[in-house]
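The working numbering applies: residue 198 is where the sequence shown begins, and numbers increase by one. Take a look at the structure below.
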Amino acid sequence: MTQIMLSRVAERVYWMARYLERAENTARMVGVYANLLLDMPRGIDLSWYSLVDINDTGEAFNERYKNRDERNVVKFMLADDTNGNSMLTSLKMARENARTSRDVVPQDTWEIVNELHLFAAENIQRGINRGQRHHYLYEIVKGCHQISGLFANSMNKDSASEFIRLGRTLERADMATRILDAGAAVILAAEESSTNISQIVWGNVLRSLDAYQPFLRDERGPVTGPAVARFLLANELYPRTVLFSLNRLGKALARLPHSSEPRQIATVIKDRVIAFDGYQDLGTSFRGYMNELQLQLASLHDCFADTWFALERNDD
């Protein structure tokens, strides 16, 4: 692979994959959170603002909005161009990266990504308003799946494909830790009000990652916090778990040059996930562990950037 591929094109396809995964995950979170709030019993102090906390975007939200109500949070998560993690921002950035990478991705990629962005932007009020939100978000998730299928079935398994895999799987691992953290936070709030809502919360945690049916097939038992946390962290077969994502990362890294340092970091994170045994207490210490995993995943991204994406800039 040439150095130009390792810098400009590699960075573009990596971020295209991350932004597409982020857009899908944001759509999933908003949809599942709406269902969670409907299922929650009265007396549980759970607000839409928790979605902002999950994504560490509180400062940006509070600069823009005074009220932390449903409409403002959903607008911020889906449509706000001041939120770098919003769904529309993610699709816009995915489209830009697809536009400048057309020579290394399947021919239809640019057209499909562009159409998805246009649909999302033109129909955004359907997502902000309650009436058609579910169907709108479903169409976003379906569009992202279409693009992932295009990459899987119509693309050479070369270096560009491996950088797409890096972006997608790192974003998935990070999101799984954030959703687990959110579930633990809700349970802690419920314990303070002496209400048992464990099955409701953890069931919705699974649904947010499309993992409810795979969990039931694998566990063959009740939906409990320890079982869900163990599944989403350490299951090796389901594509949206942390361990599966780290295994996929390892395979992609093994096929890329100059990958010794990123492989070492990924192995450290993987070993830590495998060794974790704190499933019986999903309280404050578990949330701290999730935060530490997120920081480690961020450091892995920084290593990717230093190893490959900065090569050309360093030569200027």
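Virtual Cβ for every residue (Gly too), placed ideally from N, Cα, C.
Determine the extent of the alpha helix (DSSP H) in which residue i is found, giving its start and end residues.
i, result
"Arg-239", "That residue, Arg-239, is in no alpha helix (DSSP H); it is neither H nor E in DSSP."
"Asp-415", "409-416"
"Phe-273", "267-275"
"Tyr-486", "481-501"
"Val-301", "Counting along the chain, Val-301 falls outside any alpha helix (DSSP H), and DSSP gives it neither H nor E."
"Glu-256", "255-261"
"Val-459", "Checking the displayed sequence, the identity of residue 459 turns out to be Pro instead of Val. 457-472 is the span of the alpha helix (DSSP H), which, as asked, contains Pro-459."
"Phe-441", "439-451"
"Leu-313", "306-319"
"Tyr-333", "330-350"
"Trp-399", "395-405"
"Pro-454", "Element bounds for Pro-454: n/a, residue is neither H nor E."
"Phe-428", "422-431"
"Val-249", "247-251"
Just to confirm, are residue i and residue j a CB contact at a threshold of 8 Å?
i, j, result
"Ser-283", "Arg-265", "no"
"Leu-479", "Ala-381", "yes"
"Leu-443", "Val-470", "yes"
"Phe-360", "Tyr-211", "yes"
"Tyr-333", "Gly-324", "yes"
"Ala-463", "Gly-485", "no"
"Ile-397", "Asp-503", "no"
"Leu-233", "Asn-401", "yes"
"Leu-406", "Arg-437", "yes"
"Val-310", "Ala-295", "yes"
"Phe-506", "Ser-204", "yes"
"Ala-408", "Leu-377", "no"
"Lys-467", "Leu-490", "no"
"Ala-472", "Val-338", "no"
"Ala-424", "Glu-433", "no"
"Gly-422", "Ile-394", "no"
"Arg-362", "Ile-251", "no"
"Leu-492", "Ser-356", "no"
Please look up how many angstroms separate the CB atoms of residue i and residue j, rounded, as I've assumed it's under 8 Å.
i, j, result
"Leu-313", "Leu-288", "6 Å"
"Asn-488", "Met-372", "That belief does not hold up - the Cβ atoms of Asn-488 and Met-372 are roughly 14 Å apart, past 8 Å."
"His-331", "Gly-228", "6 Å"
"Tyr-476", "Arg-427", "5 Å"
"Arg-261", "Asp-277", "7 Å"
Counting Cβ pairs, one atom from each stretch, are 3 or more of them under 8 Å apart for the segment 357-374 and the segment 214-225?
yes
Check whether the segment 303-310 and the segment 337-348 are in contact - that is, three or more C-beta pairs closer than 8 Å.
yes
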